[in-house]
Amino acid sequence: MNTATETTSNAGAFAEKARSFGQKARTAFRQIRKAPTSVRNQILLDAAGELEENRVQAQILSANEKDLALADEMQISEALKERLTLTTSRIQSMADSLREIAAFPDPVGEVILGRTLKSGVQMVQKRVPMGVVFTVYESRPNVTIDVGALCLKSGNAAILRGGKEAFHSNLALHTILVSAVERNGISADCIQFVDDTDRQFLFELLRQDQLIDLVVPRGGGALIRAVSENTSIPVVKHDKGVCNLYIDTSADYRMAIEIAKNAKLQRPSVCNAIENLLIHQDFPHIESLLSDLKDAGAILLGCARTAQISSDVSPIADPETEYSTEYLDQRLAVKIVDSLDEAISFIDTYGSGHSEAIISNSQDSIAQFRESVDTAAILINCSTRFHDGGQMGMGAEVGISTGRMHVRGPMGVRDLTTTTYIMEGRGNIRQ
134 MNTATETTSN AGAFAEKARS FGQKARTAFR QIRKAPTSVR NQILLDAAGE
184 LEENRVQAQI LSANEKDLAL ADEMQISEAL KERLTLTTSR IQSMADSLRE
234 IAAFPDPVGE VILGRTLKSG VQMVQKRVPM GVVFTVYESR PNVTIDVGAL
284 CLKSGNAAIL RGGKEAFHSN LALHTILVSA VERNGISADC IQFVDDTDRQ
334 FLFELLRQDQ LIDLVVPRGG GALIRAVSEN TSIPVVKHDK GVCNLYIDTS
384 ADYRMAIEIA KNAKLQRPSV CNAIENLLIH QDFPHIESLL SDLKDAGAIL
434 LGCARTAQIS SDVSPIADPE TEYSTEYLDQ RLAVKIVDSL DEAISFIDTY
484 GSGHSEAIIS NSQDSIAQFR ESVDTAAILI NCSTRFHDGG QMGMGAEVGI
534 STGRMHVRGP MGVRDLTTTT YIMEGRGNIR Q
């Protein structure tokens, strides 16, 4: 068989398989959307219990070890390896998250408004499940549990497509969700896992606009572009996190250094860690701040003014590239700014619309920052690490949306619903 024939054959097989995924999900959605709240909650509780079994944890960690070994062969970055790594503590966090989501009020059926129209018709608007949600994500196996749980809680069918670097871990976690779903009499097709990592198959799934209602890509810029440019299905983007921290002239030093260390170094590989540090030129402790950050483990890059202040700072060669880079490691780009206005302009230019923070004791500066910065989350005198579904009381998140449509910020269980209008009359006709 020649190459052209092979390509055509593969394309046909991928298209048929993608339609099958979509059709199964659509059929299963009709079941899960009507499942009682008690059943959907029990699925999550059963999965949480299974995650806590020693035997199951051993299986998950064994699968994760396979992925980590392959990661070494693939020479993926340390930042991605950190995201990929599972521990008993992280597995327990997944179980805790499942229980927290199960305890949330059910958004399905929530009445948003109700009134009697001039015609006498009774009108109610209420929340209903979104439909079939296709999530494409990279590296982090916990996303399998988080997204699966949020979709099940909200009565949606989920199609999960993780990266090849986390294949074995994702598969092991998906098995637990399937077991819990089937134990409660629901079709396993409501929580499908894409076991084919071929990118062409991904593109075929993205063409299933008659069967899939929403696509949520969660990962780097290349993944977001690949998804957005190859589908007509509505997309909620969970893009990179180029987050900035601005230290105002009036900032308390102890607060500034502790927040800067936490925002950058607690877990550098996550999307709500800062990549750029902006310091007002009149802040009186610039040199001490830079020294303390270096001692804490930060690798400092900086503008010419910053490099002149501290020999610990490596000059930035290409500001346009460096300031817009999501490092996901200990590197931190530092810039001295003349004013708050310059800091805001910098954020508008280089920030990704994820998380922006200010440290200040000036209410005027705080107010200007709050009203001027356009982003999913503004953090005042606290770490950007708080911009997280779990920290914000959502239990988990599908991701943090950096777009503007439908949802912005952490996408929780309520954001996986849409609405329907119900109108009831007594033979009313329109005049």
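Numbering-wise, the working numbering puts 189 at position 56 of the sequence shown, and it's gapless, one number per residue.
From the three backbone atoms N, C-alpha and C, an ideal C-beta is built for every residue, glycine too.
Query	Result
Cutting at 8 Å between CB atoms, please list the residues of its own chain near F479, excluding the five before and the five after it.	N377, N409, L411, Y456, K468, V470
What do you get for A137, buried or exposed, if any count of 16 or more other CB atoms within 10 angstroms of its CB means buried?	Low confidence applies here, because A137 scores a pLDDT of 43, under 50, leaving its location unreliable and the question unanswered by this model.
When burial is assigned at 16 or more other CB atoms within 10 Å of the CB, is M552 buried or exposed?	A quick correction: the sequence has Thr, not Met, at residue 552. Per the 10 Å Cβ criterion, exposed.
Within the chosen definition, does the stretch 145 to 160 reach the stretch 192 to 210 through at least 3 CB pairs nearer than 8 Å?	no
Starting from the C-beta of R547, find all residues in its chain whose C-beta is less than 7 Å away, skip the five residues before and the five after it, and write them out in chain order.	P240
Looking at the unbroken alpha helix (DSSP H) that takes in S495, where does it start and where does it end?	Neither: S495 is in no alpha helix (DSSP H) and is coded neither H nor E.
Bridge partners of I380, per DSSP?	I412, I492
With H, G and I counted as helix, E and B as strand and the rest as coil, what does DSSP make of V360?	helix
Does S302 come out as helix, strand or coil in the three-state DSSP assignment?	helix
Where does R464 sit, in a helix, a strand or coil, going by DSSP?	strand
Enumerate, from N- to C-terminal direction, the unbroken beta strand (DSSP E) stretches of 3 or more residues contained entirely within the stretch 182 to 257.	244 to 249
Output needed for K297: all residues of its chain with C-beta closer than 7 Å, excluding positions within five of it in sequence on either side, in chain order.	T330
On the three-state DSSP scale, how would you describe M556?	strand
Taking the continuous beta strand (DSSP E) assigned at Q325, which residues delimit it?	324 to 326
I'd like to check one pair, N395 with S302: are the Cβ atoms closer than 8 Å?	no
Give the single residue among F336, D385, A181, L293 whose Cα lies nearest to the Cα of S365.	F336
In the structure shown, what three-state DSSP assignment does S534 receive?	strand
Following the continuous alpha helix (DSSP H) through A393, name the residue where it begins and the one where it ends.	386 to 398
State the CB to CB distance for the pair L434 and L461, rounded to an integer number of angstroms; the pair is presumed to be in contact (CB under 8 Å).	Actually they do not touch by this definition, with Cβ atoms about 14 Å apart.
Would the stretch 267 to 284 count as touching the stretch 343 to 361 if we require 3 or more Cβ pairs under 8 Å?	yes
Measure the C-alpha to C-alpha separation of D379 and I407 and round it to an integer number of angstroms.	Contrary to the premise, residue 379 reads as Tyr rather than Asp in this sequence. If you take the alpha carbons of Y379 and I407, they lie about 10 Å apart.
What residues are listed by DSSP as bridge partners for T268?	L293, V349
Along the chain, where does the alpha helix (DSSP H) that runs through G281 open and close?	275 to 286
What residue does the alpha helix (DSSP H) around A440 start on, and which one ends it?	437 to 442
For H520, which beta-bridge partners are listed by DSSP?	The partner list for H520 (beta bridge, DSSP) is empty, contrary to what the question assumes.
Determine the direct distance from the alpha carbon of N174 to that of E233, and round the result to whole angstroms.	10 Å
Could you give the DSSP three-state label for D548: helix, strand or coil?	helix
Is it right to say E139 is buried, meaning 16 or more other beta carbons lie within 10 angstroms of its own, or is it exposed?	In this prediction, E139 scores a pLDDT of 49, lower than 50, which makes its location untrustworthy; the coordinate-derived value is nonetheless stated afterwards. When all chains shown are included, E139 counts as exposed.
What three-state label does DSSP hand I309 in the structure shown?	helix
Look up K259 in the DSSP assignment and give the residues it is bridged to.	V244, T553
For S320, name the three-state secondary structure that DSSP assigns.	coil
How many Å lie between N135 and A146 at the Cα?	Because N135 carries a pLDDT of 49, less than 50, the predicted location of this residue cannot be relied on, and no value is offered for it.
Hey, E183 and S312 are a contact pair by Cβ (cut 8 Å); roughly how many whole angstroms apart?	6 Å
Whose CA, out of I345, L339, Q343, L344, lies closest to the CA of I357?	L339
What does I165 pair with, by DSSP beta-bridge criteria?	Bridge partners of I165: none, in fact.
Can you tell me whether DSSP reads G528 as helix, strand or coil?	coil
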